[in-house]
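A.B. asks: Numbered according to our numbering, the sequence shown terminates at residue 348, and the numbering increases by one at each position without gaps.
Below you will find the structure I want to go over with you.
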Amino acid sequence: MSFRALVARKTDGKITTQLETMEDADLGAGDVTIAIEWSTVNYKDGLAITGAAGVIRNFPLVPGIDLAGVVESSTDPRFAAGDRVVVNSWGLSQTHHGGYAERARVSGDWVIKLPEAISTRHAMAIGTAGYTAMLSVLALEHGGVGPDRGDVLVTGANGGVGSVAIALLSRLGYRVVASTGRLEERDYLTALGASEVIDRAELSAAGRPMGAERWAGAIDSVGSHTLANVLAQTKYRGVVTACGLAQGTDLPTTVLPFIMRNVTLAGIDSVNAPHEVRVEAYERLASDLDLAKLEQTITEVGLADASKVAEAILRGEVRGRTVVDVRR
Ligand code: NDP
Numbered sequence: 021m022s023f024r025a026l027v028a029r030k031t032d033g034k035i036t037t038q039l040e041t042m043e044d045a046d047l048g049a050g051d052v053t054i055a056i057e058w059s060t061v062n063y064k065d066g067l068a069i070t071g072a073a074g075v076i077r078n079f080p081l082v083p084g085i086d087l088a089g090v091v092e093s094s095t096d097p098r099f100a101a102g103d104r105v106v107v108n109s110w111g112l113s114q115t116h117h118g119g120y121a122e123r124a125r126v127s128g129d130w131v132i133k134l135p136e137a138i139s140t141r142h143a144m145a146i147g148t149a150g151y152t153a154m155l156s157v158l159a160l161e162h163g164g165v166g167p168d169r170g171d172v173l174v175t176g177a178n179g180g181v182g183s184v185a186i187a188l189l190s191r192l193g194y195r196v197v198a199s200t201g202r203l204e205e206r207d208y209l210t211a212l213g214a215s216e217v218i219d220r221a222e223l224s225a226a227g228r229p230m231g232a233e234r235w236a237g238a239i240d241s242v243g244s245h246t247l248a249n250v251l252a253q254t255k256y257r258g259v260v261t262a263c264g265l266a267q268g269t270d271l272p273t274t275v276l277p278f279i280m281r282n283v284t285l286a287g288i289d290s291v292n293a294p295h296e297v298r299v300e301a302y303e304r305l306a307s308d309l310d311l312a313k314l315e316q317t318i319t320e321v322g323l324a325d326a327s328k329v330a331e332a333i334l335r336g337e338v339r340g341r342t343v344v345d346v347r348r
């Protein structure tokens with residue numbers, strides 16, 4: 021069967037993408053064949069399509085680190101034709117064809133059945149960014165930071181991880197403070213559930229190793245000085261999660277927040293998260309994410325426009341979550 025795909029090719033060190041027709045024989049190894057309905061654009065898709073971080077290892081390749089759709093056929097007994105499924109990360113868009121196509125074939129170990137409450141479109145509105153936000157909330161909970169402990173800070177608030185984190189935390193009863201460089205988006209952040217919005221400039225410059233205690237917990241997708249300042253301002257026995265590098269990969273901090281305030285820095289990785297962790301995350305997303313709020317974060321594009329959005333996301337120009345309708 022032939023199908024449409026956005027294909028990335030590398031010529032003279034430069035990556036280009038274009039819509040092409042592929043055949044089932046091109047799909048690569050795997051035991052589950054999926055008719056993709058929706059994909060999405062995450063920060064990592066921006067890194068992949070621009071070549072900024074060497075995400076794509078084999079060319080030509082279909083980018084798109086996430087996909088959601090319906091199983092067409094499966095030799096893995098865990099799945100049957102008609103199952104609604106999602107795949108986040110693993111080898112997608114690195115070594116294996118990803119979500120910017122009408123079809124995919126992947127290992128059954130990568131596939132999660134979607135809970136009834138989550139449509140394939142909403143699964144991609146969540147995407148790796150939203151599922152990472154859920155993993156971050158779970159890490160706060162595992163560290164004992166409940167809503168009664170005080171304010172929780174979300175950095176990179178207008179981004180995908182940030183937007184979904186705000187919606188989740190507010191639904192769970194936390195008082196959420198959103199840090200953003202786009203103060204003009206205050207109404208959007210408040211509608212998602214932020215009680216207070218602060219200028220990210222308060223956190224982004226080099227700061228002191230310890231500061232006044234402000235945050236019971238924090239979900240950071242920014243890294244660098246921002247993460248260092250957040251650690252310095254975290255309350256005794258607080259938990260800070262780190263998943264991202266939007267400001268930088270450096271972390272210019274000291275051991276003081278850890279040894280004087282018993283602060284925990286929890287690393288978050290979505291790419292190789294074990295199957296049972298993903299299943300827990302999706303079950304919690306099904307029960308704790310307000311889908312009306314998720315809807316407010318969504319911008320919809322067709323397959324041909326995924327590359328443009330992927331470039332814009334690296335410039336910090338994308339708000340919330342973009343879903344890609346692979347059938348248009
Ligand atoms: P987005 O681009 O949607 O969000 C990032 C946000 O960070 C922007 O919207 C902006 O928010 C803020 N930001 C951008 N540039 C800067 C800067 N220079 N200084 C401070 N803040 C900045 O990306 P995602 O939400 O998809 O991903 C966020 C980060 O998390 C990325 O670094 C990504 O690689 C990482 N990530 C990691 C995962 C993992 O498994 N560890 C999984 C998913 C994401 P605002 O305009 O509100 O300031």
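We put the CB at the ideal spot given by N, CA and C, even for glycine.
Can S59 be considered in contact with ligand 1, in the sense that its beta carbon sits closer than 7 Å to one or more heavy atoms?
C.D. replies: Mapped onto the sequence shown, residue 59 falls at position 39. Because no heavy atom of ligand 1 lies under 7 Å away, the Cβ of S59 does not count as near it: no.
A.B. asks: What does L305 pair with, by DSSP beta-bridge criteria?
C.D. replies: Taking the first residue of the sequence shown as 1, we reach residue 305 at position 285. Answer is none; L305 lacks a bridge partner.
A.B. asks: Inspect the beta-carbon positions of M230 and P277 and report whether they are closer than 8 Å.
C.D. replies: In the sequence shown, residue 230 corresponds to position 210, counting from 1. In the sequence shown, residue 277 corresponds to position 257, counting from 1. In contact: M230 and P277 (Cβ atoms closer than 8 Å).
A.B. asks: Consult DSSP for A121 and reduce its assignment to one of helix, strand or coil.
C.D. replies: As a working note, residue 121 is residue 101 in the sequence shown. A121: strand per DSSP, three-state reduction.
A.B. asks: May I have the straight-line CA-CA distance separating I146 from A306, to the nearest angstrom?
C.D. replies: As a first step, residue 146 is located in the sequence shown; it is residue number 126 there, counting from the start. As a first step, residue 306 is located in the sequence shown; it is residue number 286 there, counting from the start. Cα to Cα, I146 sits roughly 11 Å from A306.
A.B. asks: Start and end of the alpha helix (DSSP H) containing D207?
C.D. replies: If you number the sequence shown from 1, residue 207 lands on position 187. That run of the alpha helix (DSSP H) goes 206–212.
A.B. asks: Among the residues of its own chain, which have a CB less than 7 Å from the CB of V131, if the five just before and after it don't count?
C.D. replies: Taking the sequence shown and counting its residues from 1, the one referred to as residue 131 is at position 111. Correct list, in chain order: V52, F99, V105, V107.
A.B. asks: Going by Cα to Cα distance, which pick from L173, G50, G213, V184 is closest to S190?
C.D. replies: Along the sequence shown, one-based indexing puts residue 190 at 170. Checking every option, the nearest Cα to that of S190 belongs to G213.
A.B. asks: Along the alpha helix (DSSP H) that carries M144, what are the first and last residues, could you check?
C.D. replies: Numbered from 1 along the sequence shown, position 124 holds the residue referred to as residue 144. Here the alpha helix (DSSP H) through M144 covers 140–162.
A.B. asks: Are the region 213–229 and the region 149–159 touching, with three or more C-beta to C-beta distances below 8 Å?
C.D. replies: No, because fewer than three Cβ pairs between the region 213–229 and the region 149–159 fall closer than 8 Å, the two stretches do not touch.
A.B. asks: Taking its Cβ as the centre, do 16 or more other Cβ atoms sit within 10 Å of P83, making it buried, or is it exposed?
C.D. replies: As a first step, residue 83 is located in the sequence shown; it is residue number 63 there, counting from the start. So P83 counts as buried.
A.B. asks: Are A55 and R141 closer than 8 Å when you measure CB to CB?
C.D. replies: By one-based count along the sequence shown, residue 55 stands at place 35. By one-based count along the sequence shown, residue 141 stands at place 121. Against a cut-off of 8 Å, the Cβ pair of R141 and A55 comes out as no contact.
A.B. asks: Using three-state DSSP, classify N108 as helix, strand or coil.
C.D. replies: Position 88 of the sequence shown, counted from the first residue, corresponds to residue 108. Three-state result, N108: strand.
A.B. asks: With a threshold of 7 Å, establish whether the CB of T273 neighbours any heavy atom of ligand 2.
C.D. replies: Ligand 2 is absent from the structure shown, which contains only ligand 1.
A.B. asks: Any idea what DSSP makes of R335, helix, strand or coil?
C.D. replies: By one-based count along the sequence shown, residue 335 stands at place 315. In this structure, R335 counts as coil in the three-state DSSP scheme.
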